[in-house]
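Right, one structure below, let's go through it.
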Amino acid sequence: MFSRHVTRNVTGQFQRFQSTLLIAEHNNENLLPITQNALTAAKKIGGEISVLIAGTKCGPAAEQLAKAEGLSKVLVAESDSFKGFTAENIAALIVAAQNQFKYTHIIAGASSFGKTLLPRVAAKLDVSPISDVIGIKSADTFIRSIYAGNAIQTLQATDPVKILSVRGTSFEASQLGSGSAAVEKLPSDGCDTQLTSFISQELSKSDRPELTSAKVVVSGGRGLKSGDNFKLLYDLADKLNAAVGASRAAVDAGYVPNDLQVGQTGKIVAPDLYIAVGISGAIQHLAGMKDSKTIVAINKDPDAPIFQVADFGLVADLFKAVPEMTQKL
Numbered sequence: 000m001f002s003r004h005v006t007r008n009v010t011g012q013f014q015r016f017q018s019t020l021l022i023a024e025h026n027n028e029n030l031l032p033i034t035q036n037a038l039t040a041a042k043k044i045g046g047e048i049s050v051l052i053a054g055t056k057c058g059p060a061a062e063q064l065a066k067a068e069g070l071s072k073v074l075v076a077e078s079d080s081f082k083g084f085t086a087e088n089i090a091a092l093i094v095a096a097q098n099q100f101k102y103t104h105i106i107a108g109a110s111s112f113g114k115t116l117l118p119r120v121a122a123k124l125d126v127s128p129i130s131d132v133i134g135i136k137s138a139d140t141f142i143r144s145i146y147a148g149n150a151i152q153t154l155q156a157t158d159p160v161k162i163l164s165v166r167g168t169s170f171e172a173s174q175l176g177s178g179s180a181a182v183e184k185l186p187s188d189g190c191d192t193q194l195t196s197f198i199s200q201e202l203s204k205s206d207r208p209e210l211t212s213a214k215v216v217v218s219g220g221r222g223l224k225s226g227d228n229f230k231l232l233y234d235l236a237d238k239l240n241a242a243v244g245a246s247r248a249a250v251d252a253g254y255v256p257n258d259l260q261v262g263q264t265g266k267i268v269a270p271d272l273y274i275a276v277g278i279s280g281a282i283q284h285l286a287g288m289k290d291s292k293t294i295v296a297i298n299k300d301p302d303a304p305i306f307q308v309a310d311f312g313l314v315a316d317l318f319k320a321v322p323e324m325t326q327k328l
């Protein structure tokens, strides 16, 4: 009887003191959408949720996030050390926060930022990171995608700190606007690791929606034969108010920059409508878009793998089909 009572008591303590640190992704002025998806995942874990925002002048982003429901506090760290959001310095900040607050979970979106950051944090804390989480069954049991989405794994983590990257397309975005979380300053002393230094960045500007949050995406592959022919997709995207993406083959061939790449090694998207033009349907590409609500494929090869996941398929010459489609819209 005594041992059973102790077991129940320890379990109750674990649930009571469970806490999660969510790493916010932002551009100092605004939150990036994946932060709201990751917040939904954090709520499924349960317990108190704190959010860490690190940047140079990230007060506006912190104010936005403080309005989210379900947060206990927002931790803000501002320093030139975080200019350019270098993973080495932000990882040092997260480790310092973990040593101070002893979180049971650390979570971020499975974006380029999160995938670069969390393995460094996990190595410093000597635990195994859990990547590409698509479902949360309990505080220690998670569902993740493996083998480029061809298999689903359910695992139970035994590490004292669970470090998770969550796929944004698998969780609805938490709404902002009615919360009132406390905002606290977090010291950033000692976070400049001097391992990297930020020099500059060039941001591409476009009137089209951002790729990972667009409701319609038009993507092109090697079948377009050149970068100049991507104008066919730009014209179609403008008619549909869509974002433009590309397969890895098109990016590797130099047709478009790699920030348009959709796939396991690119961006994960799940729009309402995904139009794949001249894309054969390699496994790594399908892993990045097969959660789209409706998939339309245009390819002259009737045996292309993309047709196996498409809801609607058109076997045709894309150089004729796409201009006709654009003209009719």
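Residue numbers for the sequence shown follow numbering that gives the first Met the number 0, so the first one is 0 and each next one is one higher. Beta carbons: idealized from backbone N, C-alpha and C, even for Gly.
If you check the CB distance, Ile44 and His25 do not come in under 9 Å.
Per DSSP, reduced to three states, the secondary structure at Pro59 is helical. Nearest neighbour of Lys123 by Cα position, chosen from Gly108, Ala86, Glu209, Gln152, turns out to be Ala86. Between the segment 236-249 and the segment 298-312 there are fewer than three C-beta pairs closer than 8 Å, too few to call the two in contact.
About 7 Å separates the Cβ atoms of Gln200 and Gly83, confirming a contact at the 8 Å cut-off. In this chain, Lys184 is not harboured by any alpha helix (DSSP H); it is covered by the beta strand (DSSP E) spanning 181-184.
A straight line joining the alpha-carbon of Gly277 with that of Asp139 spans about 42 Å. Counting along the chain, Ala296 sits inside the beta strand (DSSP E) bounded by residues 293-298.
Under DSSP, Leu313 takes part in a beta bridge, and its partners are Ile297.
By the neighbour-count definition (other C-beta atoms within 10 Å, threshold 16), Leu328 is an exposed residue. In this structure, the alpha-carbon of Ser187 lies about 20 Å from that of Leu64. Counting the other Cβ atoms within 10 Å of the Cβ of Pro159 gives fewer than 16, which makes it exposed. Contact between Ile89 and Leu163 is ruled out by a C-beta separation of about 17 Å, above the 8 Å threshold. In this chain, Pro208 is not harboured by any beta strand (DSSP E), its DSSP state being neither H nor E. When C-beta atoms of the segment 257-267 are compared with those of the segment 284-297, three or more pairs fall below 8 Å, so the two segments count as touching.
In this structure, Cys190 sits near Ser80, with a CB-CB distance shorter than 9 Å. Relative to Gln174, the option among Pro270, Arg247, Leu185, Glu68 whose CA is nearest is Glu68. Of the residues assessed, Asn298 falls on the buried side of the cut-off, its CB having 16 or more other CB atoms within 10 angstroms. Taken atom to atom, the span from the alpha-carbon of Val250 to that of Gly226 is near 9 Å.
When C-alpha distances from Asp131 are compared across Ser137, Phe16, Lys114, Arg119, the shortest belongs to Lys114.
Apart from sequence neighbours up to five positions away, the residues of its chain that approach Leu223 with a beta-carbon distance below 8 Å are Phe229, Leu231, Leu232, Ala249, Tyr254, Val276, Gly277, Leu317, ordered along the chain. When beta bridges are read from the DSSP output, Gly219 appears opposite Ala245, Val276.
By a beta-carbon distance limit of 8 Å, Val182 contacts Val75. Their separation comes to about 6 Å. Around the beta carbon of Lys161, 16 or more other beta carbons lie within 10 angstroms, which makes this residue buried. The bridge partners DSSP lists for Lys266 are Val261.
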